[in-house]
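Q: Residue 606 is where the sequence shown starts when you use the numbering used here, and the numbers rise one by one after that. All C-beta atoms in this analysis are idealised placements derived from N, C-alpha and C, irrespective of residue type, glycine included.
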Amino acid sequence: MANQVPIFSTYKTINTMFDLSMIKAVYERFPGRVAAARKAVGRPLTLTEKILYAHLTQGDATEAYDRGKAYVDFAPDRVAMQDATAQMALLQFMQSGRDKVAVPSTAHCDHLIMAKDNGKVDLAKATHDSSEVFDFLASVSNKYGIGFWKPGAGIIHQVVLENYAFPGGMMIGTDSHTVNAGGLGMIAIGVGGADACDVMAGLPWELKFPKLIGVKLTGKLNGWTAPKDVILKVAGILTVKGGTGAVVEYFGEGATSMSCTGKGTICNMGAEIGATTSTFGYDESMSRYLKATGRGEVAAIADTIAEHLTGDAEVYAEPEKYFDQVIEINLSELEPHLNGPFTPDLATPVSKMKEAAAANNWPLKVEYGLIGSCTNSSYEDISRAVSLARQVKEKGLKTKSEFAINPGSEQIRYTIERDGYLDVFAEIGATLFANACGPCIGMWDRVGAEKQERNTIVHSFNRNFAKRADGNPNTLAFVASPELVTAIAIAGDLSFNPITDFLTNEKGELVKLDPPSGDELPTKGFAVEDAGYQAPAEDGSGIQVAVSPDSQRLQLLDPFAAWEGTDLKGLKLLIKAKGKCTTDHISMAGPWLRYRGHLDNISNNMLIGAVNFFNEKTDNVKNQLTGEYGPVPATQRAYKAAGIGSIVVGDENYGEGSSREHAAMEPRHLGVRAVLVKSFARIHETNLKKQGMLALTFADKADYDKILEDDIVDINGLTSFAPGEPLTLVLHHADGTSDSIVVNHTYNAQQIEWFKAGGALNIIRKQFAS
Ligand code: MIC
Ligand code: SF4
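1. Is His782 near the ligand PLP, going by C-beta to nearest heavy atom under 7 angstroms?
2. Among the candidates Val1152, Thr1171, Trp1168 and Trp754, whose CA atom is the shortest distance from the CA of Leu1162?
3. Buried or exposed: where does Leu1230 fall if 16 or more other Cβ atoms within 10 Å of its Cβ makes it buried?
4. If the criterion is Cβ atoms closer than 8 angstroms, does the pair Val1084 and Asn1060 meet it?
5. Given a cut-off of 8 angstroms, decide if Glu1125 and Ser862 are closer than it, judged by their beta-carbon atoms.
6. Determine the contact status of Lys594 and Ile1312, defining contact as a CB-CB distance below 8 angstroms.
7. Is Ser1263 a contact residue of the ligand MIC, with contact defined as CB to any heavy atom under 7 angstroms?
8. Check Ser890 in the structure and name its three-state DSSP category.
9. Let me make sure I understand the geometry here. Which of Tyr894, Lys846, Pro924 and Ile1346 has the alpha-carbon closest to that of Glu854?
10. Helix, strand or coil: how does DSSP classify Glu811 here?
11. Answer with yes or no whether the minimum CB distance from Thr1061 to chain B is below 8 angstroms.
12. Taking the Cβ atom as the reference point for each residue, do Gln763 and Gly1013 lie within a distance shorter than 8 angstroms?
13. Determine, using beta carbons only, whether His660 and Met775 come nearer to each other than 8 angstroms.
14. Excluding the five sequence neighbours on either side, which residues of its own chain have a C-beta within less than 8 angstroms of the C-beta of Ser1345, listed in chain order?
15. What ranges does the alpha helix (DSSP H) occupy inside the region 785-839, keeping only unbroken runs of at least 4 residues that lie completely in it?
16. Do the CB positions of Val1254 and Gly1097 come within less than 8 angstroms of each other?
17. What separation, rounded to the nearest whole angstrom, lies between the Cα atoms of Gly1214 and Ile976?
18. Can you tell me whether Gln1160 is buried or exposed? The criterion is at least 16 other CB atoms within 10 Å of its CB, across all chains shown.
19. Could you name the residues of the same chain whose beta carbon sits closer than 6 angstroms to that of Asp1256, not counting the 5 residues immediately before and after it, in chain order?
20. Would you call Arg893 buried or exposed, if buried means 16 or more other Cβ atoms sit within 10 Å of its Cβ?
21. Is Asp1189 near the ligand SF4, judged by its Cβ being under 7 angstroms from some heavy atom?
22. Could you tell me the distance, in whole angstroms, from the CA atom of Val1226 to the CA atom of Leu1176?
23. Quick one: measure Cβ to Cβ for Asn1321 and Ala1286, integer angstroms, because I've assumed they're closer than 8 angstroms.
24. So, under 8 angstroms CB-CB, Leu1179 and Val1277 are touching, yes? Tell me the CB distance rounded to an integer number of Å.
25. Taking the alpha helix (DSSP H) that Glu902 falls in, what are its first and last residues?
26. Rounded to whole angstroms, what's the CA-CA distance from Met627 to Tyr769? Just pull it up for me.
27. Could you work out which residue in Gly798, Ser1156, Glu1221 and Glu938 is closest to Gly778 when comparing CA atoms only?
28. Taking Ile1095 and Leu1027 to be in contact with their CB atoms under 8 angstroms, please state how far apart those CB atoms are, rounded to whole angstroms.
29. Counting only runs that start and end within the region 1232-1263, where is the alpha helix (DSSP H) found for 4 or more residues in a row?
30. Three-state secondary structure (DSSP) at Asp678?
31. Please report the straight-line C-alpha distance between Ala1039 and Ala1362, rounded to a whole angstrom.
32. Using DSSP bridges, identify the partner residues of Pro954.
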């Protein structure tokens, strides 16, 4: 990967750099804050600690926090939201009583564009179909001082990396892949909308001080291996829950020799291991990227405090002393990987794919190759993929799979068009989708998907849960680098190993693909005509935000009821979910994204993807009032109508995946009182707490087996609900026997107040009203 510095930049997003004064202020206080932290902690510091301690609400650190235990209040520098989550975040913010956001914030329209024909046609259709939502987001943004990125401008994380991320900064975003900004040396964390609402309202943001995982990268990427393979390998090692409660900090010569955008890819997919976030120390690759994206001034001030924007030398010299866990990966030996299907941590090195596919009966024929998304849309990614696409013509080949690209931003799209890359892709028959999420989140109207045929696709996105790309539960999706996706799409064969295998060209000759090569940054600089940004009004007080009471897409929120002050008796078991239950299972995306601003309508997808332990079916549970089986939402609505609460039971890493708080608000809205699981994914657990739900875990995981289909459950101990004190559940079985089990929780004193008030927002509302 060549480290090229652009000769000149025609970057034209807008004339001014965003929020330079905020960044300057952060950098001015940074050295003092780090010094205070070093004193409080009493030893050399990791980068993660420096950034976290530099963002304490209280200012200078006065004590060291217990990693994995202490709840700490932070003051993030900025907030980002995407359309599918911003609707709920902003509906909540509108209730806070503030007239302007307290920190720089942005909204990005990227999730609601259905990929079907091509970017132009699809964008026009989405702009028309979702105009009510886009207009709502535009006017709320305008009113409250939020930067607005129109549909077609790009995917939130790519736009953030290009415009807003800065080394040493701290941000939160209402999307789990907010962590992408770690590629530019930030601590960037995915949260639910209620958390974003707090920060935009100027309140402290609370996080359990994370544990620290260090990943030492030695050697150098070469040949077919890409940054993506680092995280695919890490996911294989740590699994989908191995990063829970931890920040992953990458360092070593392998880190500094990699591009900034490559680092972004690695951090992006840190969400797939459940990590709070991931980050890299400030280095020349970041400085080059800042300069190439029109932010030379940010690079110049970062240079003045560069020593504080990376971990201390002692830490990287003896990482075992400072991190809770250390992993070492030699990039020189790292093989390209394919992860999947159905889970992003099932890692198979490309050389082992033949065996693995045969053993698992995975269809070898690859129907589709898709590149782009928020994860892998950099200029480097595209140029390396192009170097392979070019070989199709040069070597007399024919691309066997269908191929599509969804660029991460208009700036990337414009630049790769200018540089002729889109023409090369067009020659291999590629479809250019809009600068949006599209097939990555089920917004893909794929021809024939409704037939539900078993088929294989490869993509360079990050997640591959069932039904995620095209709604077909029988699509097996494998995640790989854009380079490998392109090579495999050319070959049309999942087991194709471009390092060793030959292809037969149109003339019947055996040919081999040359390894990919490309440019880290465009030699002619980035360019764009209209980046799609809309600045908010200076004074938004006169702007009216109207939500029609008849709307099917938007619904103003009613406050949830406060806790009744007693233990909860007689809850029906709604569902005991078996196995993987991600937020896609709890609140499916794809076609349901249209209801993200309408709580009652979207509640009709509640848990429809979860597998019922008792009959192994999805969306089919027993209604304890009638004894009949029916859809989960309808069954829960029946309990609600009868004034009876219910409980949901789940397995490990419940709520894995997205930050969507709908997965917590829907059960709350429909009257589920508690969610009891073996373990939670971080964001979902917080979302449940924020919405006034009980998020509980089995003290003894084997008690999961004690839950029976007709159980009626009492939750005792709530009148003395206290941090660290377990609660007791009594399971009344249908045969008249009962079991008493102990359940744990992680509520601190403040979170218990959220529960009592019926949700965190009820407290904010009161604060601003008084
Ligand atoms: C995703 O990648 O799953 C999403 C769609 O971007 C979600 C956000 C959402 O559900 O709106 C995420 O990652 O948080
Ligand atoms: Fe969009 Fe996919 Fe990225 Fe989520 S992971 S923000 S759906 S591109």
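A: According to the data block:
1. Among the ligands in the structure shown, the ligand PLP does not appear; only the ligand MIC and the ligand SF4 can be found there.
2. Val1152
3. exposed
4. no
5. no
6. Since the displayed the chain opens at 606 and closes at 1375, residue 594 lies outside it and no answer follows.
7. yes
8. helix
9. Pro924
10. strand
11. Annotation note: the requested chain B is absent from the structure, which comprises a single protein chain.
12. yes
13. yes
14. Thr1333, Leu1334, Val1335 and Leu1336
15. 798-805
16. no
17. 26 angstroms
18. buried
19. Gly1184 and Lys1283
20. buried
21. no
22. 15 angstroms
23. Not confirmed; about 27 angstroms, so no contact.
24. 6 angstroms
25. Gly901 to Thr909
26. 11 angstroms
27. Gly798
28. That belief does not hold up - the Cβ atoms of Ile1095 and Leu1027 are roughly 17 angstroms apart, past 8 angstroms.
29. 1237-1246
30. strand
31. 43 angstroms
32. His942
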